[in-house]
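Residue numbering for the sequence shown follows this note's numbering, starting at 6 and increasing by one per position. Report on one structure; see the data block that follows.
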Amino acid sequence: MRSGILIAAFGSSNPAARESLKRFEDKVRRAFPETPVRWAFTSGFVRRRLADEGAKTDSVKKALEKMRFEGYGRVALLSLLVAPGREYELLREEAAAVSGPDFKVAVSEPLLARVEDAPVVARAVVASLPRGRSGAEPVLLMGHGTWRPGDSRYALLAEALADLDPLLFLATMEGAVTIHDVLPGLRRWRDGMAGGAARVWLAPLLAVAGAHVVRDMAGDEPESWAGVLRSEGFAPQPVMRGAAEREALADVWLDRLRQAAG
Ligand code: CO
């Protein structure tokens with residue numbers, strides 16, 4: 006039976022983000038040298054923008070239908086997701102809709118699919134902290150966040166991170182824990198400093214440094230996370246590399262893929 010891998014990413018029309026997806030794909034190919042690897046983008050908006058630029062990309066549904074038509078019997082669908090939210094539900098629904106007796110699609114779990122994943126992911130975060138960060142400086146990770154129950158996983162990860170390093174902070178854009186919830190901890194750190202610039206590293210806990218990272222995390226506007234930190238007197242130091250480009254975190258996604266590939 007032919008088997009294949011389909012990597013599902015939100016998608017980005019930003020060239021640096023596309024480069025980083027390409028590097029991640031190379032890693033997947035090295036881990037599965039015998040298996041064809043394809044891409045699908047979940048964002049219709051991104052697909053339309055890319056189509057305007059002459060780059061045709063597939064939705065998950067379209068990519069899976071093509072693979073079934075081409076005689077694949079089994080597809081491991083790699084979700085580049087951090088927490089189980091709406092995106093994960095949609096991928097599972099799409100996989101279930103095309104699966105049948107001779108076409109099986111297994112969706113890989115997000116990094117924080119299970120409660121017990123938090124310490125594993127925390128160790129991977131610690132192993133891939135920004136180069137140049139001194140242990141005396143805080144790192145604030147930006148997660149996406151979701152209104153689904155899976156949002157509670159971010160709080161578990163925040164605890165696991167703090168156990169390893171009390172200067173690791175985690176907040177989300179759309180979930181329960183926001184940047185305003187971590188400001189008191191950052192102020193306490195600054196109050197204990199001997200002086201100097203209160204540098205705070207900002208790093209995405211998102212697979213790819215796309216629009217959320219460029220605009221919502223590092224943007225010049227006062228409402229971006231960098232803007233909020235500046236207005237509080239901190240010196241933000243944004244890291245423009247997505248989590249899929251950080252070796253130890255990419256390895257966790259590869260483990261999830263191995264489980265799905267069976
Ligand atoms: Co979003």
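Idealized CB from N, CA, C, for every residue including glycine.
* To do: Given a cut-off of 8 Å, decide if alanine 231 and glycine 238 are closer than it, judged by their beta-carbon atoms.
  => Pairing glycine 238 with alanine 231 gives a Cβ-Cβ distance that is not under 8 Å.
* Under the three-state reduction of DSSP, which class applies to tryptophan 206: helix, strand or coil? -> DSSP places tryptophan 206 in strand when its eight states are reduced to three.
* Are there 16 or more other CB atoms within 10 angstroms of the CB of glycine 59, so buried, or fewer, so exposed? -> Label assigned to glycine 59: exposed.
* How is alanine 13 classed by DSSP in three states: helix, strand or coil? -> Of the three classes helix, strand and coil, the one that applies to alanine 13 here is strand, per DSSP.
* **Cβ neighbour criterion (16 or more within 10 Å) applied to histidine 185** => Histidine 185 should be labelled exposed.
* Bridge partners - glycine 148, DSSP secondary structure assignment -> In DSSP, glycine 148 forms a bridge with Thr177.
* To do: Verify whether the separation of the beta carbon atoms of alanine 203 and valine 182 is less than 8 Å.
  => Their beta carbons are not under 8 Å apart, which means alanine 203 does not touch valine 182 by this criterion.
* Sorry if obvious, but does the Cβ on histidine 185 come closer than 7 Å to a heavy atom of the ligand MG? -> Annotation note on the ligand MG: not contained in the displayed structure, which lists the ligand CO as its ligands.
* To do: Using DSSP bridges, identify the partner residues of alanine 111.
  => Note: alanine 111 sits in a beta bridge opposite Ala81.
* Whole angstroms is fine: what's the gap from tryptophan 93's alpha carbon to alanine 199's? => Residue 93 is actually tyrosine in this sequence, not tryptophan. Answer to the nearest angstrom: the Cα atoms are 45 Å apart.
* Asked: Which residues count as close to the ligand CO when the rule is a CB under 6 Å from any of its heavy atoms, in chain order?
  -> Going by the Cβ distance cut-off, the answer is His149, His217.
* Asked: Going by Cα to Cα distance, which pick from Tyr77, Gly90, Arg28 is closest to arginine 119?
  -> For arginine 119, the nearest C-alpha among the options comes from Gly90.
* Asked: What is the rounded straight-line gap between the Cα of aspartate 122 and the Cα of arginine 7?
  -> One C-alpha to the other measures close to 31 Å.
* Using the rule of at least 16 other Cβ atoms within 10 Å of the residue's Cβ for burial, across every protein chain shown, is aspartate 31 buried or exposed? -> Exposed, because fewer than 16 other Cβ atoms sit within 10 Å of the Cβ of aspartate 31.
* Anticipated Cβ contact below 8 Å, arginine 97 with valine 87, distance rounded -> Distance from arginine 97 to valine 87 at the Cβ level is roughly 16 Å; contact not present, criterion being Cβ atoms closer than 8 Å.
* Asked: Between the Cα of leucine 146 and the Cα atoms of Gly201, Ala212, Phe37, Gly105, which residue gives the shortest distance?
  -> Nearest option by C-alpha distance: Ala212.
* Can leucine 26 and alanine 45 be called in contact, C-beta distance under 8 Å? -> In this structure, alanine 45 does not lie closer than 8 Å to leucine 26 by Cβ.
* Do you know offhand how far leucine 210's Cα is from glycine 148's? -> Leucine 210 and glycine 148: Cα-Cα distance of roughly 5 Å.
* Asked: Pick from Val144, Ile12, Val51, Leu69: whose alpha carbon is nearest that of tryptophan 206?
  -> It is Val144.
* To do: Enumerate in chain order the residues of its own chain whose CB-to-CB distance from alanine 21 is below 8 Å, with the five nearest sequence positions on each side excluded.
  => Its chain contains Ala214, Met245 as the residues whose beta carbon lies nearer than 8 Å to that of alanine 21, once the 5 sequence neighbours on both sides are disregarded; these appear in chain order.
* To do: Could you check how far apart the C-beta atoms of glutamate 253 and alanine 129 are, in whole angstroms? I think they sit under 8 Å.
  => Just to set this straight, residue 253 is alanine in the shown sequence, not glutamate. Distance from alanine 253 to alanine 129 at the Cβ level is roughly 4 Å; contact confirmed, criterion being Cβ atoms closer than 8 Å.
* **Where alanine 240 falls: helix, strand or coil (DSSP)** => In this structure, alanine 240 counts as strand in the three-state DSSP scheme.
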